[in-house]
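Just so we're on the same page, our numbering is the position in the sequence shown counted from 1, plus 105.
No residue lacks a Cβ here, since even glycine has one placed at the ideal position from N, Cα and C.
Being a predicted model, the structure only gives us computed values, none of them experimental.
Report on one structure; see the data block that follows.
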Amino acid sequence: MREESRIAIYGAIGANVVIAAVKFIAAAVTGSSAMLSEGVHSLVDTADGLLLLLGKRRSARPADADHPFGHGKELYFWTLIVALMIFAAGGGVSIYEGILHLVRPRPIEEPTWNYVVLGAAAIFEGTSLAISVHEFKKKAGQGYLAAMRSSKDPTTFTIVLEDSAALAGLAIAFLGVWLGHRLGNPYFDGAASIGIGLVLAAVAIFLAQQSHGLLVGESADRDLLVAIRALAKADPGVSEVGRPMTMHFGPHDVLVVLRIEFDPALTASGVAEAIERIEARIRSQRPDVKHIYLEARSIRKRAGP
């Protein structure tokens, strides 16, 4: 497990355990629907962090007879489960609770407790977000949304998304409690709960889309494709290199299939030596490439009748 991903996940789990407990207590004391939704949100985030750790651990298992390419895609599967958890247990429950509160509105009692809890939660969530953003920035190298879409490691950006959604949910909950108490209208509290649910649903849909692409066999990014082709073409025995076919079995586990046309003057042993040089060069400069399959062709064969 990469250290940066583990730090971000542990930081998020620790913050969410504390926050969830405090939010549920505040919801019980004040009767706030938005605060109850926020408690559910933090509880779901805690479970999601544990699922991501499980996915990281299971994906690190070595290859075996039934899984010759390893278990790297386990991480993508568990990320999809996290997305479903956020959508159903987070977004669904929050929207349902908000609708119930609109049907049977209940005035907020002692809103001061809500403000204290929301303020404390914002500090915890902000700290967790700062940690996850710091770790994500180490390997982003581009805009956040573009980096999330191109990333092959969903763990860190999942934590970034969850923490960002958490802060957005806190802002919505604060508005719902403040407007509901100030205007004496409990419907704002229920509407805030629905708003929190919609934010969670949006995050879940984005995560599900990313996990889907990785599960069905997403190609490596363009920079890696260009680098692999350049490394192969640099060999003196190579005449032409086709476009690499790649697939991610994990964030740092890439399969490469490469069609190469060798100089027809090379003997069979010369081709074999060239293949060994190319594989060694790719593995040394691109350690994420764990599986390499080269298809040798000759110009003479291609140009024949």
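Endpoints, alpha helix (DSSP H) assigned at residue i
i	result
Arg162	138-164
Arg334	327-338
Pro259	259-287
Gly302	292-320
Glu384	373-390
Which residues DSSP lists as bridging residue i, in chain order
i	result
Ile397	Val361
Thr351	Val361
Glu366	Glu345, Arg402
Closest Cα partner of residue i within the set the options
i	options	result
Val361	Gly231, Ser374, Ala337	Ala337
Pro259	Ser374, Ala309, Ala235	Ala309
Val331	Val221, Thr351, Asp150, Ala120	Thr351
Leu223	Leu305, Val346, Glu143, Gly177	Glu143
Gly375	Ala401, Lys257, Ser389, His172	Ala401
Lys128	Ile387, Tyr220, Gly154	Tyr220
Gly423	Arg364, His146, Ala168, Ile114	Past the edges of the chain, shown from 106 to 410, lies residue 423, and the structure says nothing about it.
Arg348	Met253, Leu205, Glu366	Glu366
Leu363	Ala170, Tyr398, Val145	Tyr398
Ala152	Leu371, Ile191, Gly322, Asp171	Ile191
Phe279	Ala370, Ala131, Ile118, Leu371	Ala131
Gly302	Thr261, Ile228, Ala271	Ala271
Gly300	Val122, Gln390, Ser147, Gly281	Gly281
Phe241	Gly318, Ala117, Val265, Gly116	Val265
Leu156	Asp169, Leu141, Ser138, Tyr181	Tyr181
Tyr292	Ser344, Val134, Ala139	Ala139
Within the region 176-221, ranges of the alpha helix (DSSP H) (whole runs, at least 4 residues): Restricting attention to alpha helix (DSSP H) runs no shorter than 4 residues, the region 176-221 encloses them at 179-190, 198-208, ordered along the chain.
Given 8 Å, three or more beta-carbon pairs between the region 311-320 and the region 185-204: yes
Touching by the beta-carbon criterion (3+ pairs, under 8 Å), the region 169-183 and the region 356-374: yes
Contact the region 287-297 vs the region 152-165: 3+ CB pairs below 8 Å: Fewer than three pairs of CB atoms, one per stretch, sit closer than 8 Å, so the region 287-297 makes no contact with the region 152-165.
Given 8 Å, three or more beta-carbon pairs between the region 317-327 and the region 376-389: no
Contained beta strand (DSSP E) runs [length at least 3] in the region 114-139, N- to C-terminal order: none
Three or more C-beta pairs below 8 Å linking the region 222-240 and the region 339-347: no
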